[in-house]
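Trainee: Below is one structure. I have some questions about it.
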Amino acid sequence: MSRDVQQKLAGALRLTEAPGEAAQSAAADPEPGPAPRVTVFEPTPFRLFCVPFEDMLGEEPLPPDSTRIVPAVANLCWQVIVERLNPVWLAAIAEELKESGGAHVDALGAALWPECEQALAAEIADTRAGRRRTLAERTPKNLFRRAETITAALHDAGWIQRLKRLLGTPPVGRLDRGQRQALREAVEQLARRRDARIAVHVAAHRLRNPAELFAVLAGAELGPLSALGQALDEERDSLILSHVAAALAALDEPISGREALTAATEHAETAAAILATASGLEHHVGEAALLRDVERMQQALAERLDASLVPALRDGIVSAWDPATIDAAPDERILAAEDAARAAARLGRDAMLIGTEYSIGLLVTDALSQVHEATRHLAASAQQARDESARRCAFLLVAAIRLVEILAGSERAFAVLTHHRPVLQALWAPS
Amino acid sequence: MAQAALTNAAEAVWLRIPDALRPASFAARGVAVRFTTPGLALARLRPAADGGFEVAMPNVAGPGIYLVPWPALPEIFAPTLHDRLLVDELSDSGFDPERARLAQLRTAARGFAGIDAAAAAAQAIERDAHAATAVNLALIVRLIHMGGLTAGEAQEAAAAGRAAEEYRRALDRIAARLEIDARALPDRIAALSASLAAVGLREPGAGGRLRRLTARLAELRQAMAAWADSEGGDYGAVAALCAEVAGQTVDQCSRLLAAVDRRLDALIPTLRAWPRDRERLDGMRLQLAWLLDGWSRAVVLWETAPPRKHTALAAIFRALPLLPSEADGPDEAGADLAHRHRRLVRRCARLFDDDEATPAAPDLIRRLELANLRAELA
Chain A
1 MSRDVQQKLA
11 GALRLTEAPG
21 EAAQSAAADP
31 EPGPAPRVTV
41 FEPTPFRLFC
51 VPFEDMLGEE
61 PLPPDSTRIV
71 PAVANLCWQV
81 IVERLNPVWL
91 AAIAEELKES
101 GGAHVDALGA
111 ALWPECEQAL
121 AAEIADTRAG
131 RRRTLAERTP
141 KNLFRRAETI
151 TAALHDAGWI
161 QRLKRLLGTP
171 PVGRLDRGQR
181 QALREAVEQL
191 ARRRDARIAV
201 HVAAHRLRNP
211 AELFAVLAGA
221 ELGPLSALGQ
231 ALDEERDSLI
241 LSHVAAALAA
251 LDEPISGREA
261 LTAATEHAET
271 AAAILATASG
281 LEHHVGEAAL
291 LRDVERMQQA
301 LAERLDASLV
311 PALRDGIVSA
321 WDPATIDAAP
331 DERILAAEDA
341 ARAAARLGRD
351 AMLIGTEYSI
361 GLLVTDALSQ
371 VHEATRHLAA
381 SAQQARDESA
391 RRCAFLLVAA
401 IRLVEILAGS
411 ERAFAVLTHH
421 RPVLQALWAP
431 S
Chain B
1 MAQAALTNAA
11 EAVWLRIPDA
21 LRPASFAARG
31 VAVRFTTPGL
41 ALARLRPAAD
51 GGFEVAMPNV
61 AGPGIYLVPW
71 PALPEIFAPT
81 LHDRLLVDEL
91 SDSGFDPERA
101 RLAQLRTAAR
111 GFAGIDAAAA
121 AAQAIERDAH
131 AATAVNLALI
141 VRLIHMGGLT
151 AGEAQEAAAA
161 GRAAEEYRRA
171 LDRIAARLEI
181 DARALPDRIA
191 ALSASLAAVG
201 LREPGAGGRL
211 RRLTARLAEL
221 RQAMAAWADS
231 EGGDYGAVAA
241 LCAEVAGQTV
251 DQCSRLLAAV
261 DRRLDALIPT
271 LRAWPRDRER
281 LDGMRLQLAW
291 LLDGWSRAVV
301 LWETAPPRKH
311 TALAAIFRAL
321 PLLPSEADGP
331 DEAGADLAHR
341 HRRLVRRCAR
351 LFDDDEATPA
361 APDLIRRLEL
371 ANLRAELA
């Protein structure tokens, strides 16, 4: 018995005599400190002011029909608000925010938002009357309209925060049944008090697929129609299509690496989902224009898939399973190939909608062909494999069969497994 | 989609739909095998009366379960490769959660749940071996202490390089008390450790997998009860019931663990009579495994769910591991809970329905593989 082991046993004996020490020594170990509090945002009054419409904020350059609010607009609005607020009171809010570390957003917002709303509403009234000019400038684009939207969002801040909680952390994916029901109930409650269109418009920016929120609220009572509510309602199609435009623009980025491929697939799926939902929405005036836009964007999506995403997916699978290099393929590449195959399977479901059945079908055929080649190569290599290389060979063969399962279903994969079973049994046998 | 297929297939002769309130026994309840086929995510596997296996799937549209012979399953939906091979690994005689777990680990270790799961499975198998070693070491230390060697004496001897001799003398004294040959003692300790490995020792000893899961289940009960209180309504009622069932399970597990600990507190008599207590300890371990079967996934689902817990709650509720009637105590608590569960299922069957398109099958399969991976590593 080595000295080290003797010492360790002696140490363990000490703990047996004094079990409390074990707990103490665990406590004395330098445990990592409490996880740093994850603040939702930098706790400043300006940031708090932005919370009700934060999902609408977007960086320039924005697409032409974008419904987002650029930071420059938010900054200008804040500037005019601060001029009208009591600085001592504002400083007190700033201090409370700093102390809370951004933890009590709704409570502190309930104090700040009404004051900001009043100040901004007064500025808008003065601008209309010609007494003030700050919000009348031509740039940033749509400054005045956006200032009106911000004022309305501040007015409905409590309801917007409620809708945001129901939607969950952004970007929000598919809504479940419970969420849809709760959202509809919340909007109908709001509509009994005032025009719910503003809160809905603001909250819709939180979703990957804003059309889904409008689909959920189809037929719902949205309350007395205000001028701003009508204007935002008319922007509904722009809101929806601008999300598609953003996804399409993202697909123009070069795709390099696993993360970029995953992101590109998500953009493609998002665009497909929005277009599918949009084409089923209750239409406004200009229905023909909307349907033409949807068709045009479906075409644009198909072109991008064919030009970049599908080739990247094919490459991700085919290069990983090249028989010449498969023996030395790292696990990361094998897993990346599986991700690519699953992405191809997902796109296959949307293929008919987008018009990419042919290219995705071809991708699957090419990938399967390559994987079958690889399995033949691996089965042949298995004859000479021993120990670690035998284990690796078995892993890779199983991974190849899994890929067949992802691309072509478990029945086909089972047939491949049956064919190679004797080889695998030999590889698994203890040496 | 799986539910529709089951409903359609319900007319087939081989598909039985028993309507018992709850299973009579753990064997009848089946084992919560970690399938990767989406349609089997909530299913349990049990030996069929005429040999082989059958799958018990909850009827998500209401009370009751569907029973499908395993060979007939492909007529409803195709099981994954992983699941086919897993069931091939299993034997219908002596089928229990521990054997199922080992078969799951072997299947995953071969790569059928992904290369990442293969590494995790290999890690888990290694951890099992280490658990037995850790218990072995802890028992030896305890026995050395009982053999009259103090920590101070041991430190002094270790510093002089003669601690090994002192440890052996202490263990020889123990062997004398046990009235056995000193050479037989290590094997006896090793056999006891192997029996206890999955359960482990009470803190600050080497806690085992089943003991840790019991502790986490107790935390899950508290967390779900607190969530139920704040949520209220039907979702709250469902979560409260799940918490109660978890609590019932924790109580029974705690009693079993206390019984194991009492045996270990009387270590000398236990070792003296060994292997008389082997069967009893193995039985307790197995009983713990049956009680906890199906809960590790629930624990991981709840812990990893986002703040909005409704989807996790749906999965937990639909596959809720109600205790069978054989586990009932003298009170009527088990039966009462089963009745309340049935009423809640009838009332809330549609609560968790989602009529939206489900993710593509390969994605669902991957999610299940990752969930199983997390449940094993947790």
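Protein sequence lines, in the order shown, are assigned to chains A and B. Mapping of the first sequence onto my numbering: residues 1 to 431, in sequence order. Mapping of the second sequence onto my numbering: residues 1 to 378, in sequence order. C-beta: ideal position from N, C-alpha, C; glycine also.
Which runs of the beta strand (DSSP E) fall wholly inside the region 12-71 of chain B and span at least 3 residues, in chain order?
Mentor: Taking only runs of at least 3 residues, the beta strand (DSSP E) segments lying wholly in the region 12-71 of chain B are 44-47, 53-58 and 65-69.
Trainee: Is there a C-beta anywhere in chain A that falls below 9 Å from the one on Ile-76 of chain B?
Mentor: No - not a single Cβ of chain A is within 9 Å of the one on Ile-76 of chain B.
Trainee: Can you say whether Tyr-66 of chain B is buried or exposed, counting buried as having 16 or more other CB atoms within 10 angstroms of its CB?
Mentor: By the 10 Å Cβ count, Tyr-66 of chain B comes out buried.
Trainee: Compare the C-beta of Phe-395 of chain A with all C-beta atoms of chain B and state if any pair is closer than 9 Å.
Mentor: Yes, Phe-395 of chain A lies at the interface with chain B (some Cβ there is under 9 Å from its Cβ).
Trainee: Three Cβ pairs or more, each shorter than 8 Å: is that satisfied between the region 319-339 of chain B and the region 360-367 of chain B?
Mentor: Because the criterion of three Cβ pairs below 8 Å is not met, the region 319-339 of chain B and the region 360-367 of chain B do not touch.
Trainee: Look up Ala-375 of chain B in the DSSP assignment and say whether it is helix, strand or coil.
Mentor: Three-state result, Ala-375 of chain B: helix.
Trainee: Which term fits Asn-372 of chain B, buried or exposed, when burial requires 16 or more other beta carbons within 10 angstroms of its beta carbon?
Mentor: It is buried - the Cβ of Asn-372 of chain B has at least 16 other Cβ atoms within 10 Å.
Trainee: If you follow the alpha helix (DSSP H) that Asp-293 of chain B is in, where does it begin and where does it stop?
Mentor: No alpha helix (DSSP H) contains Asp-293 of chain B, which DSSP labels as neither H nor E.
Trainee: Using a cut-off of 7 Å between C-beta atoms, extract the partners of Asp-331 of chain A located in chain B.
Mentor: Within chain B, the residues near Asp-331 of chain A are Ile-115.
Trainee: Quick one: which chain B residues come within Cβ less than 7 Å of Trp-321 of chain A?
Mentor: Chain B residues near Trp-321 of chain A: none, gap ~14 Å exceeds 7 Å.
Trainee: Does Gly-30 of chain B pass the burial test, meaning 16 or more other C-beta atoms within 10 Å, or should it be called exposed?
Mentor: That one is buried.
Trainee: What are the residues in the region 157-186 of chain B lying within 7 Å of chain A by C-beta distance?
Mentor: Answer in chain order: Ala-158, Gly-161, Ala-163, Ala-164 and Tyr-167.
Trainee: Ile-69 of chain A bridges to which residues according to DSSP?
Mentor: Ile-69 of chain A pairs with A:Leu-57.
Trainee: Hey, quick one: how far does the alpha helix (DSSP H) through Ala-107 of chain A stretch, first residue to last?
Mentor: Start and end: 105-128.
Trainee: Between the region 253-261 of chain A and the region 323-342 of chain A, can you find at least three pairs of beta-carbon atoms closer than 8 Å?
Mentor: They touch, by the three-pair rule.
Trainee: Using a beta-carbon distance below 9 Å, is Val-105 of chain A in contact with chain B?
Mentor: So no, Val-105 of chain A is outside the interface.
Trainee: Under the three-state reduction of DSSP, which class applies to Leu-291 of chain A: helix, strand or coil?
Mentor: Correct three-state label for Leu-291 of chain A: helix.
Trainee: I'd like the ranges of any alpha helix (DSSP H) spanning at least 4 consecutive residues and lying wholly in the region 151-239 of chain A.
Mentor: Here the runs fully enclosed are 157-167, 177-191, 197-204, 210-216 and 227-234.
Trainee: When the Cβ atoms of the region 171-180 of chain A are set against those of the region 231-249 of chain A, are three or more pairs found closer than 8 Å?
Mentor: Segments in contact, no.
Trainee: Pick helix, strand or coil for Gly-283 of chain B, following the three-state DSSP scheme.
Mentor: If DSSP states are grouped into helix, strand and coil, Gly-283 of chain B belongs with the helices.
Trainee: For chain A, is any of its Cβ atoms less than 9 Å away from the one on Thr-47 of chain B?
Mentor: Per the sequence shown, residue 47 of chain B should be read as Pro rather than Thr. Not one chain A Cβ lies under 9 Å of Pro-47 of chain B.
Trainee: Chain B beta carbons: is any one of them nearer than 9 Å to that of Phe-414 of chain A?
Mentor: For Phe-414 of chain A, the answer is yes, since a Cβ of chain B falls inside 9 Å of its Cβ.
Trainee: What residue does the alpha helix (DSSP H) around Thr-270 of chain A start on, and which one ends it?
Mentor: Residues 258-279.
Trainee: Span of the alpha helix (DSSP H) holding Lys-98 of chain A?
Mentor: Element bounds for Lys-98 of chain A: 87-100.
Trainee: Chain A beta carbons: is any one of them nearer than 9 Å to that of Ala-119 of chain B?
Mentor: So yes, Ala-119 of chain B belongs to the interface.
Trainee: Can you find the residues in the same chain that come closer than 8 Å, C-beta to C-beta, to Arg-347 of chain B, ignoring five residues on each side of it along the sequence?
Mentor: The residues are Asp-234.
Trainee: Quick one: what's got a C-beta closer than 7 Å to Ala-320 of chain A's C-beta in the same chain, skipping five residues either side?
Mentor: Answer for Ala-320 of chain A: Ala-329, Arg-333, Ile-334, Ala-336 and Ala-337, listed in chain order.
Trainee: Can you list, in chain order, the residues of its chain whose CB lies under 8 Å from that of Ala-231 of chain A, leaving out five sequence neighbours each side?
Mentor: Closer than 8 Å at the Cβ level, and outside the excluded window around Ala-231 of chain A, lie Arg-145.
Trainee: Name, please, each residue of chain E whose Cβ falls closer than 7 Å to the Cβ of Arg-366 of chain B.
Mentor: Looking at the structure shown, chain E is missing, and the protein chains on hand are A and B.
Trainee: Just how far apart, CA to CA, sit Ala-170 of chain B and Leu-139 of chain B?
Mentor: So the two alpha carbons sit approximately 13 Å from each other.
Trainee: Touch check for the region 33-46 of chain B and the region 83-103 of chain B: three-plus C-beta pairs under 8 Å?
Mentor: With a cut-off of 8 Å, the region 83-103 of chain B and the region 33-46 of chain B count as touching, because enough Cβ pairs lie within range.
Trainee: Three or more C-beta pairs closer than 8 Å, one from the region 37-49 of chain B and one from the region 375-390 of chain A: is that the case here?
Mentor: The region 37-49 of chain B, when compared against the region 375-390 of chain A, does not touch it at the 8 Å Cβ threshold.
Trainee: Determine, for Ala-367 of chain A, whether the minimum Cβ-Cβ distance to residues of chain B falls below 9 Å.
Mentor: Taking Cβ atoms only, chain B never reaches closer than 9 Å to Ala-367 of chain A, which makes this a no.
Trainee: Are Arg-131 of chain B and Gly-200 of chain B touching if we call contact CB-CB under 9 Å?
Mentor: The question names Arg, but residue 131 of chain B in the sequence shown is Ala. Yes, Cβ-Cβ distance for Ala-131 of chain B and Gly-200 of chain B is below 9 Å.
Trainee: Give me, in chain order, the residues of the same chain whose beta-carbon lies closer than 8 Å to that of Val-300 of chain B; leave out the 5 immediate sequence neighbours on both sides.
Mentor: For Val-300 of chain B, where only same-chain residues beyond five positions count, the Cβ hits under 8 Å are Ala-371, Arg-374, Ala-375 and Ala-378.
Trainee: Scan the region 345-413 of chain A and note each continuous alpha helix (DSSP H) run of 4 residues or more that stays entirely inside, going in chain order.
Mentor: Fully enclosed alpha helix (DSSP H) runs of 4 or longer: 357-382 and 387-408.
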